[in-house]
Each structure stands twice: as structure tokens, then as C-alpha cells.
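The structure under discussion appears below in the form of C-alpha cells.
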Amino acid sequence: MEYNFSQIERDAKDLWKTKNVYKVENPAPGTTPKPKYYILDMFPYPSGAGLHVGHPLGYIASDIYARYKKLCGYNVLHPMGFDAFGLPAEQYAMETGQHPAVTTEKNIARYREQLDNIGFCYDWDRQVRTSEPNYYKWTQWIFLQLFHSWYDRSADKARPMADLIAIFELEGNKNIPCPGDDTTSFTHTEWGAYSEKEKRAILMNYRVAYQGYAQVWWCEALGTVLANDEVVNGVSERGGHPVERKNMRQWFLRITEFADRLLKSLDTLEWTEAMKEMQRNWIGKSNGAEVKFDLGEGLSLMVFTTRPDTIFGVDFMVMAPEHELVDTITTVEQKDAIDEYKKYVKSRSERERMSEVKQVTGCFTGAHVTHPLTGKKLPVWISEYVLAGYGTGAIMAVPSGDDRDHAFATHFKIPITNVFGDSYTGDTAYSSKTGTIENSDFLSGMKVADAIDAAIDALVKAGVGKKKVNFRLRDAGFSRQRYWGEPFPIVYIDDVPYGTDESEVNRENNLGTLPVELPMVEHYKPGPEGQGPLANIPEWMNISLSTGEGRGEAFRETNTMPGYAGSSWYFLRYMDPHNEHEFADRAATDYWQQVDLYIGGTEHAVGHLLYSRMWTKALYDLGHIGFDEPFKKLLNQGMIQGKSYFLKVVQFPSPSEGTLSQSERTFVISQDKEWEDLGLRDKGTNFAQTNLRFRYGHDYVDPNGKLTEKSFEKYKATHGLPFEYEIKWNEENGQKFILVTEEVEKMSKSKYNVVNPDDIVAQYGADTFRMYEMFLGPIDMSKPWDTKGIEGVHRFLKKLWRLYADEQKGWIVTDEAATDAELRILHKTIKKISEDMERFSFNTSVSQFMITVNELGALNCHKRGILEPLAVLICPFAPHIAEELWHKLGNDSSVVAAQFPQYENKYVVDNSKNYPVAINGKARLELEFALDAADADVQAAVLANEAVQKWMEGKPLKKFIYVKGKMINVVV
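In the working numbering, the protein residues as written are 34 to 1005.
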């Protein structure tokens, strides 16, 4: 009876599917629910390329832990779904000439096939897809909750917009600062006199989901706005297309109002400090002052500074090139120069603008501001190192206290004073020994913190500043000018946006019914003037309202929501995925609560994770759920890297000497020799080296890193070579080959180093694949894939099988009682695996299983009392073989429903020791004795041992030394 993994794994999958063993039930009303455990993977975007072996790493880890928790008696929710909307899906569909709905469906089917092939314990009945109307109906509903809410700073929570309107009707906004425009001020009488359009304009400045104008990254080629992290080196990350800054009307989420709470509640989460720090830095809380500098003619320039105590050292002002006042204040003489500089900055990403500290660029506007305390006239410049999205988009430059300001002043020859307005000598005004300020009539002798407070008091007293808390975090852009995304449930009447559920829109119409479905169209080019593709569908966009108020024509929002919309709340839908009346029943969310364990990559630290936290807090504030953090514990899996292979190419002459023609030689040479050793010295020293990439090793390169002549011809026939070549082959046993260079890189189709998990499963089985991925190293570390290493894991599973079955004898498990030695092996293993599970140390668990199987094999153990609990123990890692063994052991139920074995302490505590026995101080053998053995019994047993007697050579005993727990020495 051999280990036929293919048949075993088919049978196990059929059983799981037939008996629906992975179905998860919400507790019935009135029953006592089992303890719950919610394990979640960051759900994938289903690309056309399918999975490679790096993708399932986190999924396998979560599956192992989910199975373990099931065996420990928990009701485990371990769902899977697909993040199916977004720009990549739309671009892939356009590139292949298909509709994104069609390509997405195909890609999901392919992912599902691959995931099932690996044997995950997902309850597929709970699957969600963000692109399905019955899902994005509730994404739209949540957006409307955000649209109909505002953030009450005094209560520190989101509240319904109706509450805000009631306050305005009673007292105006004197106690409710306006986050969108802090100059907004009105009484209750003025509020009552406003028109409906004026009221809605004011309310828009308060809404959590609001509309405004902003500088965004516009990509003409892709026809959409891109997020900052989608722009790399001034071009789009996808496709490498040019981008530019453009002022556009966009939807935003007022995440800045939640910033303080997002910071504080990080301390309640079981996340790594590195991940928490990434979010803290992104939120970027800083305390300081907002200062007003007078520009004249009723205009002023507001700046935020964390060091108001340096106010007397301001020598000039710098505005972001995108600042709304730049065009207004620029003089006629400087207009052309400013326009030219702004054109340059448009091509620069924020990352480039902030990281290139050595590059100094800028342009003088011709305008000046008045220093608020000294009355000094200060020049106003623009520069790329100031960003419109941070603070007020302008800074007061203190070159005597800031390196970048100093470099700017030096480059443009702007006179520098010290922080107190005196001539700058290069000396700091701060004492490194005392931490106090020196040489200032105003601040001398103060600690820095006290000086900051004193400076703020002075600014407030002068009426030109106020204390301010600022955040690096910006409100989240929520509009995308593309087709494949959730339509907004928004209708415009007289160019004023209304939610489709509002009476003005919905009276005598049925527009309040969600979802607002995405129309199926063949073509989805960008709309006019930067609008989304939906603007090209007039029959969908234009609607007729029968309100009885003389209103007729209206139109829908033509932008769609970003990819993170559906992923910000999907974990909630898994709790109650088929609910047609609400996004999830409150009883379901109260039972499942937070995700107990979330596994995914660090690349989502400041995107998805931050937005999910904000959405959860808003839903909590509005009373829809009973918790305000989505993910209690976060585990970041490392990366499985691939091996890329290269050949060195030496070109003669160097390309720098002129364009090479086809007739000029290019030599492809072996990596293990220097070029001089290949008979090329007569070609001279003028050469250049380049890299030629070959596909992943299992396609062309053998396990020893050799590219054979036959493989090279295969590569050439498939890919071609762009040059004439001569090859200097190595030769061994009649075989010609070249040794290639091996390099570990991120696994990617573009790097020709992808390994398909289907191939591994077909050759070795899913259980081998699962265990090998865990065996590669700690789950949170990156590690290279090496197909050679998988053989050892496969041999281990064969050894495990042979404890239960023999190829000739068949099933060999007996009911014979286990010995103490066998029980000690089992119970020590149970203890080790239990401890490893709670530490997520899956690689050491695999090592322990290997040790256990070797030890049981050495004892020739085939006993049910040992092997039955062992089958349950290994089930989370190798569920298919565990299922087969469990049934052959005579069990009718699935091993999934078994109970995780518990260790007995008496078997894991050592009660004996192997003592080294020395004769005249020289160790000769080992003997085992109980830890509590009497001295006389130990001596009698040692002296009676035949080997000891042999080494004593008949000589009389002079001394017997027995050190309990350490050693024995016989002196003759």
C-alpha cells in the first residue's frame, strides 16, 4: 500500500465537498454559542496571471491556524473572496479586447481552482466579490452613511447630518468649527434665511464624505486620477505613462477628523511595532502654531510651524507651486518664470520632490509678505520641496535653523539672519548642554518647550496666530475617472449633489433603491473634460425627476469609487454574506466582532488598513456595529522570492565607441572565467558587459546552474537573440554548457522566475507543497524558493505513511499498548506543536514532525494509541493525508471534526537521565537511571554492567563517584 498522494488528495477533497465540512454557521438565536475565532486573509485581486508559489504563503499559514483552532473547539470563520474592481482589471480587459466583467469572472474561476487545489478550509458559501451588485449595493449604502454624517469634535465621533442641521437651526455654527472652511460663521437666523443651495454648500464643508476641488495626479493615457502611491518617478506605476497635476472636483473622505483616534487606538492592537510606526508616521501628528503673514490688498498667507519660537529668524516664505494664491500674487515681471517652473513641477512626484534633498529648485513670485511681529518685508518664493497637501501649503523659511531652508537661501543668495533676527554667524542659538535658548531678549534662558509656548502666546496676543495641531495625513481622495468601479449613489440637481436616498431626488421616483448598477457597455473611454467613462452613456447619466417642484432634468455622478472602497469593509460582509436587508445583521457582527487574526502584506499599511480602520470607526459611531477597530491581531507574512539566472555578455567594441552593427561580434561567455582567459586578449580592453536574462531555472537551467547547449538552442528558438554571438563553451563528459549567475529577486512574471503551484502539486502533492512553504523559514521572513529542497519534505510524508501502511503488507496499525518511550515521543510532540502554533512558528513545527516520525520509525512503532493522535496533530499542515489516515483508522467523521490532542505532563517531564560513565576519568559508555535512584542502587547496577567490568580489567574498585544529575566515574 504505497503513498498515492494524487488519489488520497482527490478523495479528501471529494469528502470535504460532499459533506460540506467547512460550512460555518452563525449561532442560532437562544443557543449558547461556541467560542468564536475569526481568521482573515487580505483578499486577492484576481489577476490574469493566476497564483505563483509566493502568493499562497500567507493563505497556508492562516489555513493551518484556522484548522488548529477548529480542532481546539472554536467556531472558526475563515472566508475568502475577491477584490474584483479597479484599474488593473480595466486595463487588462482593454489590452486583451474583452469586457472587465468577463476577464474578472475568468480570473476568479482560475484563482478558485488553484486555491482548491492546495486544500484550503474556506467556506465558499460566504464568498464575496466586490464587483457584484449584491455586494457593492452595501458599499454604496455605507458611502451614503458617510455622506449623511459629520464629525462632532466635542464628542469625538461621527454623527448624523440631521443632528448638525438641528444645531444650526438652534444656534448657528458658533460652537461647531467648520473643517472644510474655518472662516464659515453664521447665526441661526442667518441659517434660516439661506437658500437650499447655500445650505447644502455649507453642509458639504462638514460631511464625512464630501466633494471639493484638489490638485490630483491626472494620467491622460489611462484616463483617470491616480493616488500618490500609483505614481512612481513622475509616471504611472501601471504602464509608465506621463502624469500631471490637475485641479479637479473630487469626492473625499474626511479621514483627518478621525486622525487622533486612529493614532490613539493603535496602542490597543496586537500589531508589530514596525507596522504601528508606519501608520503613526503617515498620520504624522505635530503640535505647533498657525501664523498669518500679511500679503496686502486683503490677502494673507497662512503657515503652520512646529517651531514658532524661531519666528524672528524667518528670512523668506516658500509656497507650494500648486498653492491657490500663487497666480494671484505673482507679479507681471515674474509670470513667465513662474509658469515655466510650475510646468516643470507638474512632472514630479511627491516622493521625488521630498527625497531629493540635494537638488535646489525654485522661483521668486515677485511678491512680499509682512512679518507679523517685526514688520519686515519678506520675499515669497515657490519651490517643489513644499507640498500643497501638507500643512497650509506654505512655510516660513528659517535658514539658520533648517538645512533645506539654508540650502535654498544659499543657492539663491537670500540674506540669512539667526533665529532672533541678528546677523547669522553659523552658531546655534540652542545650548546642547542645558537645552535652553541663549542670546535672545524675548526667549533667553527658556527651555525649548517653554519658548514654543511663549512664542504662541505672543502670536495670539498680536492677533496673528493660534495654537494648532496638524496632521501629515490628508483627506482620502475617493473619485476615479474609470469605468470598472462602484458607481456613486449621487444625483446632481442644479449642479448640487444629492444622495439617491434623499427626498428631493426620490420623491415619486425610485432612485433611492440600491444598488445603482454599473451599466454594461462595450466601450469605456474617458469622458469629456476629465469625466469618467460613464459620462459617455447619456441614457444612464441623464435622469428625469418628477418632484412636483418644477425640477426636471438631473444627472448622475460619472466618477466611480476607488479600489479600496470595497476592501474597506469586506470583513463585515463575510459575517452575514447573503443578507438582502442590511450589510450584516447586528447579531452576526456582535458575535464575530473584530477579526482575531489578519494575515497580509506590509504594502497595505497606509492604504487599505488605514481606510478600513476609519470606516469601522464611522460605522461604530453611527450605531451600526459594536466595535471600532477591525483587526485585533495582524501578522505580516514575508515574501517567497524566485531565482533569476543571467549570462554575462561581453561586447566588442564598447557601445560608447559607436553603434554596433550585426557584423561586429558579441561574445556570450561563461560566468566562471574572466574574459582574458577566453582567448579574447587580442580584442583589446575596450569592452562592455551587459546582462542577458534567462527564464527560471527549471525551464532552461539544470539544478547545478548549467545552461547546456541544448537548452540554449531552445531559449534562442523561443525568444531569439538581438545580436551576433560567439559562445565559449565549457565541456564536461562530452556535454557543452555555460555556468550562469544566480540572483534572488522578487518573484514576478516579468523576471522570468515564477513557479506555478499547480506544477508543484501535480508532482509532489498539495500536502508536500503546504509543508514545504512553511518549512522554508519563519512566516514573517522573506526566503528564496528552491525546488530542490521540496524532495526532503516529500520523503518525510512517505515516511509518515509507512508508520501506518506497508507496500507489501498493507495496513499495519495495531491495537498493542504503547510503551512509555513511545508515549514520551508523542506527548513531547503535542506540547511542542501546541506552543509553536500559538507563536505562529510553523517552520519549527514541520521540523518537529520530521524528528517525531524518525524516532517512531526507529522504535518500529505502529500502534493506534500513538498514530491516531499523530494524524490529528498533523492535520492542519497536511490535511489530505490526515483525512485518509483518520478514515483508515476506522473513524466515520472527518478529521476536521476531531479534537486536538492534549499532552500529559508526566510524559513531557524527564524522570530519568543518561549518565556518562567514565573509567578512571575517561568516558566509556552511557547508562540510564531514574532521577530519584538511590546511590547504592546506581553503584550496584554500574559495577554489574558487562562493559564496565571489561574496562575495569579485573582491578579492584578504589572509588565510586556519582554526581546526581551529571556524571559517574569509576576509579580502579
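Think of the CB as a built atom: it goes at the ideal place given N, C-alpha and C, for glycine as much as any other residue.
Distance check for residue j and residue i, CA to CA, integer angstroms please.
i       : j      : result
Asp460  : Lys499 : Model confidence at Asp460 stands at a pLDDT of 42, short of 50, so the residue's coordinates are unreliable and nothing is read from them.
Met34   : Ala838 : 6 Å
Lys494  : His401 : 24 Å
Asp534  : Ile200 : 22 Å
Glu707  : Val265 : Note on Glu707: pLDDT 44, under 50, position unreliable in the model; the coordinate value appears next. Between Glu707 and Val265, the C-alpha separation is close to 38 Å.
Ala951  : Val996 : 12 Å
Leu667  : Gly596 : 21 Å
Phe153  : Asp96  : 6 Å
Thr163  : Asp483 : 53 Å
Asp965  : Lys999 : 13 Å
Phe720  : Leu772 : The predicted position of Phe720 is uncertain, since its pLDDT is 44 and thus under 50; no value can be drawn from it.
Arg957  : Glu868 : 37 Å
Tyr1011 : Pro561 : Because the chain here runs from 34 to 1005, residue 1011 falls outside it and cannot be looked at.
Pro166  : Phe616 : 13 Å
Ala254  : Asn569 : 17 Å
Lys784  : Arg271 : 16 Å
Thr1089 : Glu776 : Residue numbering for the chain in the displayed model covers 34 to 1005; residue 1089 lies beyond these limits and cannot be assessed.
Lys232  : Leu655 : 23 Å
Arg294  : Asn206 : 24 Å
Arg515  : Thr593 : 6 Å
Thr65   : Phe933 : 22 Å
Ile526  : Gly671 : 50 Å
Ala509  : Ala292 : 12 Å
Could you give the C-beta distance for residue i and residue j, rounded to a whole number, given that I count them as a contact under 8 Å?
i       : j      : result
Asp800  : Phe76  : No, Asp800 and Phe76 are not in contact; Cβ-Cβ is about 24 Å, not under 8 Å.
Pro736  : Lys821 : 6 Å
Ile151  : Val787 : At roughly 16 Å, the Cβ-Cβ gap does not stay under 8 Å, so Ile151 and Val787 are not in contact.
Leu84   : Gln147 : 5 Å
Gly625  : Val86  : Just to set this straight, residue 625 is Trp in the shown sequence, not Gly. Not quite, the Cβ-Cβ distance comes to about 31 Å (not below 8 Å), so this is no contact.
Met807  : Phe910 : 7 Å
Met237  : Val258 : At roughly 19 Å, the Cβ-Cβ gap does not stay under 8 Å, so Met237 and Val258 are not in contact.
Lys816  : Ile673 : 6 Å
Lys992  : Val941 : Rounded, the Cβ-Cβ distance is 37 Å, inconsistent with contact.
Phe441  : Val393 : 6 Å
Leu1008 : Thr622 : An answer regarding residue 1008 cannot be provided, because it is not within the stretch 34 to 1005 covered by the chain.
Val276  : Trp251 : 7 Å
Is the distance from the Cβ of residue i to the Cβ of residue j below 8 Å?
i      : j      : result
Val57  : Leu120 : no
Cys211 : Tyr243 : no
Pro522 : Val549 : yes
Gln283 : Val241 : no
Trp174 : Leu547 : yes
Arg897 : Leu918 : no
Gly395 : Ile415 : yes
Pro12  : Ser677 : No statement about residue 12 is possible, as the shown extent of the chain runs from 34 to 1005 and does not include it.
Phe180 : Glu519 : no
Glu417 : Arg386 : yes
Ile72  : Asp629 : yes
Leu411 : Ile362 : no
Leu859 : Leu903 : yes
Asn108 : Lys69  : yes
Ala651 : Ala226 : no
Phe349 : Ile485 : no
When DSSP builds the beta bridges, which residues end up paired with residue i?
i      : result
Gly510 : Phe285
Val524 : Tyr531, Arg589
Asn669 : Gly633
Arg278 : Trp250
Met350 : Val413, Met429
Does any residue of chain C have a CB that is nearer than 8 Å to the CB of residue i?
i      : result
Asp293 : Absent from the structure: chain C. Only one protein chain is present.
Answer yes or no: the CB of residue i versus the heavy atoms of the ligand HEM, is any distance below 7 Å?
i      : result
Val324 : As for the ligand HEM, it is missing from this structure, which has no ligand bound.
Q. What residue ranges within the region 205-267 form continuous alpha helix (DSSP H) runs of no fewer than 4 residues, ordered along the chain?
A. Counting whole runs of 4 or more residues, the region 205-267 contains the alpha helix (DSSP H) stretches 221-226, 229-237.
Q: May I have a chain-ordered list of the alpha helix (DSSP H) segments no shorter than 4 residues that lie completely inside the region 131-201?
A: Contiguous alpha helix (DSSP H) elements confined to the region 131-201 occur at 133-151, 166-180, taking only those with 4 or more residues.
Q.
Give the list of continuous alpha helix (DSSP H) stretches no shorter than 4 residues that lie fully inside the region 775-802.
A. Within the region 775-802, the complete alpha helix (DSSP H) segments of 4 residues or longer fall at 790-797, listed in chain order.
Q.
Ignoring anything shorter than 3 residues, give me the beta strand (DSSP E) runs that lie fully in the region 927-977, in order along the chain.
A. Runs of the beta strand (DSSP E) inside the region 927-977: 945-952, 955-963.
Q | Segments assigned beta strand (DSSP E), at least 3 residues, entirely inside the region 384-455 | A | Entirely contained in the region 384-455, the beta strand (DSSP E) runs reaching 3 residues are, in chain order, 396-403, 410-415, 427-430.
Q: Could you tell me which uninterrupted alpha helix (DSSP H) segments, each at least 4 residues in length, are contained entirely in the region 809-843, listed from first to last along the chain?
A: Restricted to the region 809-843, the alpha helix (DSSP H) segments that are unbroken, complete and at least 4 residues in length are 823-837, listed in chain order.
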